[in-house]
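**Student:** Mapping the sequence shown onto UniProt numbering, position 65 (from 1) lands on 65, and the numbers just tick up by one.
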Amino acid sequence: MERVVVVVFDGLRPDMVAGRMPRLEAFAGEGVRFPGARSVFPSLTRVATSSVSTGVMPGSHGIVSNAFHQPAILTGAALDTSSLTDLMRARVAWGGTVQTARSLGERLGPAGMRMAAVHCGSAGGGFMLNAAAADHGHWTFSAHGEAGTLTPDAVRRAVAAFGPLPEAEVPKFAAVEYARRVAIDQALAPDGPDVVVVWFPEPDTSFHYCGLGAPETAAVMGAVDRAFGDIVDAARAGPKGARTAVVAMSDHGQISTTGLFEIEARMRAAGLASAVRPQPGDAVALTLGASGEARLLAEDRALAADVARWLMEQDEIGMVFAREDRLADAPGALPLSAVGLAHPRAADFVYVMRSDDGPDRYGLPGRGLLTGGVPVGGGMHGGLNRHELAILLAIATPGGPSGIVDDRPCGLIDVAPTILSLLGAPPDDMEGAPLPCDGSGCKAASAEVLDARSGGFAQRLIRRRLDDRFYLEAGGRTAVGGSVAEHSGSDPASSMLC
Numbered sequence: 001m002e003r004v005v006v007v008v009f010d011g012l013r014p015d016m017v018a019g020r021m022p023r024l025e026a027f028a029g030e031g032v033r034f035p036g037a038r039s040v041f042p043s044l045t046r047v048a049t050s051s052v053s054t055g056v057m058p059g060s061h062g063i064v065s066n067a068f069h070q071p072a073i074l075t076g077a078a079l080d081t082s083s084l085t086d087l088m089r090a091r092v093a094w095g096g097t098v099q100t101a102r103s104l105g106e107r108l109g110p111a112g113m114r115m116a117a118v119h120c121g122s123a124g125g126g127f128m129l130n131a132a133a134a135d136h137g138h139w140t141f142s143a144h145g146e147a148g149t150l151t152p153d154a155v156r157r158a159v160a161a162f163g164p165l166p167e168a169e170v171p172k173f174a175a176v177e178y179a180r181r182v183a184i185d186q187a188l189a190p191d192g193p194d195v196v197v198v199w200f201p202e203p204d205t206s207f208h209y210c211g212l213g214a215p216e217t218a219a220v221m222g223a224v225d226r227a228f229g230d231i232v233d234a235a236r237a238g239p240k241g242a243r244t245a246v247v248a249m250s251d252h253g254q255i256s257t258t259g260l261f262e263i264e265a266r267m268r269a270a271g272l273a274s275a276v277r278p279q280p281g282d283a284v285a286l287t288l289g290a291s292g293e294a295r296l297l298a299e300d301r302a303l304a305a306d307v308a309r310w311l312m313e314q315d316e317i318g319m320v321f322a323r324e325d326r327l328a329d330a331p332g333a334l335p336l337s338a339v340g341l342a343h344p345r346a347a348d349f350v351y352v353m354r355s356d357d358g359p360d361r362y363g364l365p366g367r368g369l370l371t372g373g374v375p376v377g378g379g380m381h382g383g384l385n386r387h388e389l390a391i392l393l394a395i396a397t398p399g400g401p402s403g404i405v406d407d408r409p410c411g412l413i414d415v416a417p418t419i420l421s422l423l424g425a426p427p428d429d430m431e432g433a434p435l436p437c438d439g440s441g442c443k444a445a446s447a448e449v450l451d452a453r454s455g456g457f458a459q460r461l462i463r464r465r466l467d468d469r470f471y472l473e474a475g476g477r478t479a480v481g482g483s484v485a486e487h488s489g490s491d492p493a494s495s496m497l498c
């Protein structure tokens with residue numbers, strides 16, 4: 001192959017493609033589709049983006065959440081990875097690098113290959129996709145303007161060609177259309193780069209703020225589907241078309257939220273000095289979402305045990321993970337290494353809110369609680385529900401097989417190795433592996449179940465293993481006897497979930 005084009009649909013659930021996105025549905029049948037593909041944990045965009053770009057798990061690349069506390073860098077708030085300002089501050093503190101693993105762009109550059117990204121998510125997300133773009137003559141267009149990228153010339157070229165950047169809106173119809181034009185007319189130009197990544201912000205934004213099954217969401221899914229079709233047509237029609245592979249994928253899924261658990265207020269009421277924005281005197285820093293962290297601000301084993309015990313006593317919390325050195329203080333917790341999140345930047349404890357596979361108000365499976373981030377009723381992700389972890393992944397190559405379904409366990413960490421392999425470059429020390437695009441079929445895989453319990457709290461993590469790699473399948477709270485523990489109410493929109 002001479003070129004690889006990757007199109008990412010942020011937040012798209014693979015079970016929501018059929019009947020809603022005809023071009024994407026047809027494309028998935030043209031090559032090899034991987035229904036066993038999964039996201040990473042936390043199933044959040046910048047965490048996932050970093051696994052896409054580095055080919056490793058979060059415990060290796062160091063982006064341990066969308067927001068995580070780093071008191072040595074920033075006090076009174078979590079480090080926000082959507083903010084390029086926060087990331088540049090962290091880069092200085094971390095010795096010049098943000099991700100602690102070599103990225104795809106850093107491998108392509110020395111090999112004489114170029115990469116371009118058309119990114120309409122956060123500025124931080126665009127940076128994570130190719131953090132060293134400016135060092136290798138690559139470019140990243142950001143819908144956030146010249147200040148949203150380290151290669152501002154890409155934005156200036158786009159504005160000169162297509163006019164002012166799109167205004168913020170929900171759904172993001174204008175951003176989708178702008179990305180389509182930049183991708184086709186600039187990234188896919190005859191002298192364009194070897195790797196092109198187009199990152200659409202939809203349907204993620206509309207899932208969050210309109211709802212998974214809302215009419216507005218359906219409309220923007222149609223728009224992004226048409227934009228995808230135009231990009232594929234342009235990639236295949238150009239002078240490199242006969243030697244261009246196309247990858248369609250998402251970074252995570254979403255489930256509908258059904259209730260808010262006010263974790264900060266609840267912890268403070270229990271005598272635990274916890275805060276999302278810690279002030280002097282606070283002892284535990286929190287982050288919010290479908291999952292979040294509880295990070296001790298000073299060493300205190302007694303406090304660590306109290307925090308772990310409190311988390312497990314809350315009926316609304318589904319899972320609790322602990323740093324390896326905290327496991328002795330947290331009987332019933334699973335180690336962060338079990339989900340590929342053991343990194344020096346990781347918090348003492350990571351909680352996951354309860355969720356289940358029951359129908360939401362649209363009849364779609366997947367409901368969960370959250371501690372903040374979006375309006376209740378909107379979609380959310382970040383946890384270990386199977387519908388948060390399942391991702392779209394399909395690859396079509398010129399002259400390659402069509403209609404192949406390969407159910408091997410795989411995921412985001414395999415994307416960069418696959419791109420390199422398609423271009424004839426070795427993936428070296430990446431944790432992921434190149435995916436076969438020749439229809440060679442699925443290798444033997446095994447399932448793993450990890451259980452932990454303490455008192456009335458029990459949890460289970462399900463993984464699939466292939467060779468020396470594991471992929472996350474699902475996780476949640478279980479009844480002490482081992483079956484799934486359910487909490488349901490008469491109104492699915494307000495029920496407590498397992």
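Virtual Cβ for every residue (Gly too), placed ideally from N, Cα, C.
1. Checking the sheet assignment: what are the DSSP bridge partners for A77?
2. Under 8 Å by Cβ, that's how I've got G148 and G126 pegged, so tell me the actual separation to the nearest angstrom.
3. Looking at the unbroken alpha helix (DSSP H) that takes in E473, where does it start and where does it end?
4. Can you tell me whether DSSP reads Y209 as helix, strand or coil?
5. When you compare the region 63 to 83 with the region 418 to 427, are there three or more beta-carbon pairs, one atom per stretch, that lie closer than 8 Å?
6. Tell me L296's beta-bridge partners as DSSP assigns them.
7. For W310, report the span of its alpha helix (DSSP H) as first-last.
8. Closest to V40 by CA distance: which of A290, P58, L24, A158 is it?
9. So, with DSSP's three-state summary, where would you put E2?
10. Alpha carbon to alpha carbon, how far is T100 from P110? Give it in angstroms, no decimals.
11. Within the continuous alpha helix (DSSP H) that includes D357, where are the two ends?
12. From the DSSP output, which residues share a beta bridge with G393?
13. Could you tell me the distance, in whole angstroms, from the CA atom of V7 to the CA atom of M353?
14. When the distance is taken between beta carbons, is R465 closer than 8 Å to G476?
15. Pull up the DSSP beta-bridge partners for W94, would you.
16. In the DSSP assignment, find the unbroken alpha helix (DSSP H) run with L422 in it and report its ends.
17. Does G363 pass the burial test, meaning 16 or more other C-beta atoms within 10 Å, or should it be called exposed?
18. Could you round the C-beta distance between V176 and V224 to whole angstroms and report it? I think they count as a contact, below 8 Å.
19. Check the DSSP bridge columns for Q254 and list the partner residues they point to.
20. When you compare the CB positions of P42 and G382, do they come within less than 8 Å of one another, or not?
21. With distances taken Cα to Cα, identify the nearest neighbour of E106 among S355, A134, A93, R23.
22. Have a look at E262 and L370 and give me their C-alpha separation to the nearest angstrom.
23. With A458 as the anchor, note down where its beta strand (DSSP E) starts and where it stops.
24. If you reduce the DSSP assignment to three classes, tell me which class R345 lands in.
25. Does the pairing of the region 283 to 294 with the region 337 to 356 give three or more beta-carbon distances under 8 Å?
26. Under DSSP, the alpha helix (DSSP H) around D230 begins and ends at which residues?
27. Where residue 500 and T49 are concerned, what is the direct C-alpha to C-alpha distance, given to the nearest angstrom?
28. Could you tell me the alpha carbon to alpha carbon distance between M496 and G368, rounded to whole angstroms?
**Tutor:** In short:
1. BP columns for A77 are empty, so no partner.
2. 7 Å
3. Counting along the chain, no alpha helix (DSSP H) covers E473; the unbroken beta strand (DSSP E) around it starts and ends at 469 to 477.
4. helix
5. no
6. V284
7. 301 to 313
8. V40 has its Cα closest to that of P58, out of A290, P58, L24, A158.
9. E2 carries a coil assignment under DSSP once its states are collapsed to helix, strand and coil.
10. 19 Å
11. No alpha helix (DSSP H) contains D357, which is instead part of the beta strand (DSSP E) from 355 to 359.
12. Strictly speaking, residue 393 in this sequence is Leu, with Gly absent from that position. Per DSSP, the beta-bridge partners of L393 are M249.
13. 30 Å
14. no
15. In DSSP, W94 forms no bridge with anything.
16. 415 to 422
17. exposed
18. 5 Å
19. Answer by DSSP bridge pairing: none, since Q254 is not bridged.
20. yes
21. A134
22. Whole-angstrom Cα-Cα distance: 9 Å.
23. Run containing A458: 457 to 466, per the beta strand (DSSP E) assignment.
24. Of the three classes helix, strand and coil, the one that applies to R345 here is coil, per DSSP.
25. Taking a cut-off of 8 Å for Cβ pairs, the region 283 to 294 and the region 337 to 356 touch, as three or more such pairs fall below it.
26. 215 to 237
27. Residue 500 lies beyond the residue range present for the chain, which begins at 1 and ends at 498; the question has no answer from this structure.
28. Unreliable positioning characterises M496 in this predicted model, as indicated by a pLDDT of 19, which lies under 50. The coordinate reading is nonetheless provided below. M496 and G368: Cα-Cα distance of roughly 8 Å.
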